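Visitor: One structure is given below, represented as structure tokens, and several questions about it will come after.
In the UniProt record's numbering, the protein residues as written are 1 to 178.
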């Protein structure tokens, strides 16, 4: 038997989800004062850029944007062999900021834990909030998102993939069953 793939969000649905998340972020934080977005490479960084644009369209102010690479903070680094290390680029001080950490798919929570460790090494944010496009369940750590595009119950053997085009725009979210 071959794999079956189902598109669970198309480009329009992703756009609506990001717009809703942007509004929820603004509502929760009472605007953009001391707010910053940090996208997790790769995937979350592209979504964070889209959220930054939505927030600017809604509020008229530009929220600082950064990216974090969690490779060196992974708890499975020793067992994974050599992994390519990306670049962390946070061009603003994190101290006192309300950081919205952005990722594409939330699964076990281990990537988020690694990203929080990386952020804490850079300073002391006022708080860290989590925005994800897809929450697929199966948490191994006590981590929950503050803002979710869509909850997608999955089996552990299934895979959820966010696909991006050449301009790094999200175009679809697929669920693959073996």
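Note that beta-carbon positions come from the ideal geometry of N, C-alpha and C, so glycine has one too. Given the structure is predicted, the values throughout are model-derived calculations rather than measurements.
For residue 44, does the count of other Cβ atoms within 10 angstroms reach 16, so buried, or fall short, so exposed?
Guide: Buried.
Visitor: Could you spell out the range, first to last residue, of the beta strand (DSSP E) harbouring residue 70?
Guide: Premise fails: residue 70 is in no beta strand (DSSP E) and is neither H nor E.
Visitor: What is the DSSP secondary structure of residue 149, counted as helix, strand or coil?
Guide: Strand, per DSSP.
Visitor: Assign residue 259 to one of two classes, buried (16 or more other C-beta atoms within 10 Å of its C-beta) or exposed (fewer than that).
Guide: Missing from the structure shown is residue 259; the chain here goes from 1 to 178 and no further.
Visitor: Can residue 96 and residue 34 be called in contact, C-beta distance under 8 Å?
Guide: In contact: residue 96 and residue 34 (Cβ atoms closer than 8 Å).
Visitor: Can you check which of these residues, 116, 175 and 162, is closest to residue 100 by C-alpha distance?
Guide: That would be 116, whose Cα lies nearest to the Cα of residue 100.
Visitor: Do three or more CB pairs link the segment 125 to 145 to the segment 62 to 71 at distances below 8 Å?
Guide: Short answer: they don't touch.
Visitor: Which same chain residues, not among the five before or five after residue 21, have their C-beta less than 7 Å away from its C-beta?
Guide: The residues are 51, 131, 147 and 149.
Visitor: Give me the residue from 168, 70, 91 and 59 with the minimum Cα distance to residue 27.
Guide: Checking every option, the nearest Cα to that of residue 27 belongs to 59.
Visitor: Give the secondary structure of residue 141 by DSSP, where H, G and I count as helix, E and B as strand, and everything else as coil.
Guide: Reduced to three states, the DSSP call for residue 141 is coil.
Visitor: Give me, in chain order, the residues of the same chain whose beta-carbon lies closer than 7 Å to that of residue 145; leave out the 5 immediate sequence neighbours on both sides.
Guide: These residues qualify, in order along the chain: 106, 130, 131, 132 and 135.
Visitor: Measuring CA to CA, which of 46, 42 and 25 is closest to residue 36?
Guide: For the residues 46, 42 and 25, the minimum Cα distance to residue 36 belongs to 25.
Visitor: Is the beta carbon of residue 88 less than 8 Å from the beta carbon of residue 104?
Guide: Result no, Cβ atoms of residue 88 and residue 104 do not sit closer than 8 Å.
Visitor: For residue 10, report the span of its beta strand (DSSP E) as first-last.
Guide: Where residue 10 is concerned, the enclosing beta strand (DSSP E) stretches over 4 to 10.
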